[in-house]
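Read through the structure below, which is laid out as structure tokens, and then see the notes.
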Amino acid sequence: MSVIETIRARRSVRTFSGEPLRAEDRQKIMAFAETAENPYRLPITWMLLDTEQTGLSSPVIVGEDTFIAGKMQRVPHAEEAFGYSFERIVLFAESIGVGTTWIAGTMDRAAFERAVALRPGEVMPCVSPLGYPAQKMSVRESLMRKGVKANSRLDFSDLFFDGTFDTPLSAEKAGKWRTPLEAVRLAPSAVNKQPWRAVVCGERVYFYEHRSKAYASAEWDIQRIDMGIALCHFALAAEENGVAVSLRLEDPGLPAPENTVYTATYTVE
Ligand SMILES: Cc1cc2nc3c(=O)[nH]c(=O)nc-3n(C[C@H](O)[C@H](O)[C@H](O)COP(=O)(O)O)c2cc1C
């Protein structure tokens, strides 16, 4: 499967078949995780957690026997870096038939943090179950999906702009950025808030975070994890289309709407 097909096929899986995660899939996922770098070059330690041994669970997930968790130093850009690397693992899992759900909230966080032996100065932003999707979603899963309109996304021209935030960009006019931006549009985000915005200026694409007031805290901003996911989808889809891009942190100082803050720039290499 191509990257864009994998991105289109992925959805959060909260109802698993009950079949234990196969040894070969565990190995493939952990081997891939070791290579899942991020453009911020921040190291992340990945761990698989067996639910039987650890007693861990999530109230919204059924039928799983394994979680994956990552921990890292709590440093500037940790959120985007984590979002980027974890999403690479999520897409890899999808490509081998293993379902996932990003989980930041619906878990006993203290229990997971003990299980990964989190130390002072470290953070474990999210975890995900790993397993094989059940044939049928649980009632709770269907209701959760409805609650956050999980099957829908904002329109292309609500998210992406041409030169300035005053000029919406249509998919038809996006040229070589069309598929990478479509990959961003389809990304998962916390409570499906889709905070990513982007302004295209020729060979450069400036990414911004449209902050929902309820989620921003000075200390830790979960929507920056969503931004990392968006950057990951953009870069993987651009590369697949033969456009090599590199990340820069250089705020162009464009006038931006309220609660909309610069995250990063992708430029053609
Ligand atoms: C950073 C992040 C945190 C999330 N936390 C949770 C969570 O705690 N519980 C949950 O059930 N889903 C969680 N989700 C999943 C989102 O609700 C889901 O991605 C979104 O509704 C879109 O649905 P889809 O993934 O099926 O496309 C999270 C997603 C992201 C990206």
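Position one of the sequence shown corresponds to residue 58 (my numbering), numbered consecutively onward.
Don't be surprised by glycine CBs; every beta carbon is placed ideally from N, CA and C.
Would you kindly report the start and end of the unbroken alpha helix (DSSP H) that includes residue i?
{"i": "F334", "result": "Residue 334 lies beyond the residue range present for the chain, which begins at 58 and ends at 326; the question has no answer from this structure."}
{"i": "V241", "result": "R235 to R242"}
{"i": "M284", "result": "I279 to E297"}
{"i": "L148", "result": "A135 to S152"}
{"i": "D215", "result": "F213 to L216"}
{"i": "R202", "result": "V196 to G204"}
{"i": "M87", "result": "A80 to T92"}
{"i": "A167", "result": "R166 to A172"}
{"i": "T158", "result": "Run containing T158: none; DSSP gives neither H nor E here."}
{"i": "R98", "result": "Per DSSP, R98 belongs to no alpha helix (DSSP H) and is neither H nor E."}
{"i": "V60", "result": "V60 to A66"}
Whose CA, out of the options, lies closest to the CA of residue i?
{"i": "R166", "options": "V119, S115 and A90", "result": "S115"}
{"i": "L243", "options": "I64, L216 and D308", "result": "I64"}
{"i": "V262", "options": "A271, G232 and V248", "result": "G232"}
{"i": "K250", "options": "W234, Y272 and G259", "result": "Y272"}
{"i": "S142", "options": "T92, E179, P177 and F169", "result": "T92"}
{"i": "S74", "options": "S303, L211, E276 and Y189", "result": "Y189"}
{"i": "M201", "options": "L216, M87, V248 and E179", "result": "V248"}
{"i": "T102", "options": "R131, T108, D82 and A80", "result": "R131"}
{"i": "A397", "options": "L106, T111, N208 and E229", "result": "Within the shown structure, residues of the chain are numbered from 58 to 326, placing residue 397 beyond reach of any answer."}
{"i": "T108", "options": "E276, A168 and Y97", "result": "A168"}
{"i": "V147", "options": "R210, C258 and S246", "result": "S246"}
{"i": "V70", "options": "D82, L216 and Q192", "result": "Q192"}
{"i": "G310", "options": "C258, K270 and A80", "result": "C258"}
{"i": "L106", "options": "P100, E170, K85 and L99", "result": "E170"}
{"i": "S303", "options": "K85, R68, E81 and Y97", "result": "Y97"}
Residue i: buried (16+ other C-beta within 10 angstroms of its C-beta) or exposed?
{"i": "S185", "result": "buried"}
{"i": "E296", "result": "exposed"}
{"i": "V256", "result": "buried"}
{"i": "E76", "result": "exposed"}
{"i": "N95", "result": "buried"}
{"i": "I153", "result": "exposed"}
{"i": "R145", "result": "buried"}
{"i": "R305", "result": "exposed"}
{"i": "V196", "result": "exposed"}
{"i": "E338", "result": "Residue 338 is absent from the model: the chain starts at 58 and stops at 326."}
{"i": "T322", "result": "buried"}
{"i": "A138", "result": "buried"}
Hey, could you find the ends of the beta strand (DSSP E) residue i is sitting in?
{"i": "T320", "result": "T317 to V325"}
{"i": "S185", "result": "V184 to L187"}
{"i": "A255", "result": "W253 to C258"}
{"i": "F264", "result": "R261 to H267"}
{"i": "S303", "result": "V302 to R305"}
{"i": "L105", "result": "T102 to D107"}
Only counting the same chain, and skipping five residues up and downstream in sequence, which positions put a Cβ closer than 8 Å to that of residue i?
{"i": "A240", "result": "V60, I61, I64, H290, F291, L293 and A294"}
{"i": "T317", "result": "F222, R254, Y265, E266, H267 and R268"}
{"i": "K270", "result": "N316"}
Within its chain, find whatever has a CB closer than 6 Å to the CB of residue i; leave out the 5 residues flanking it on each side and keep chain order.
{"i": "P252", "result": "E266, H267, Q280 and D283"}
{"i": "V173", "result": "M104, A126, K128 and M181"}
{"i": "L187", "result": "L78, T123, I125 and V155"}
{"i": "F149", "result": "F89"}
{"i": "I286", "result": "G140, E144 and A244"}
{"i": "A301", "result": "E326"}
{"i": "M194", "result": "T72"}
Could you check how far apart the C-beta atoms of residue i and residue j are, in whole angstroms? I think they sit under 8 Å.
{"i": "A161", "j": "P182", "result": "7 Å"}
{"i": "T72", "j": "G120", "result": "6 Å"}
{"i": "S199", "j": "S214", "result": "Not a contact, Cβ separation roughly 30 Å."}
{"i": "D278", "j": "E179", "result": "Incorrect: roughly 17 Å between the Cβ atoms, too far for contact."}
{"i": "T224", "j": "F218", "result": "6 Å"}
Who are the Cβ neighbours of residue i in its own chain at under 7 Å, not counting the five residues just before and after it?
{"i": "T163", "result": "S115, P116 and V117"}
{"i": "T236", "result": "I61, A294 and N298"}
{"i": "E260", "result": "T324 and V325"}
{"i": "D308", "result": "Y319"}
{"i": "W234", "result": "V257 and V262"}
{"i": "L113", "result": "L106, F124, A168, F169 and A172"}
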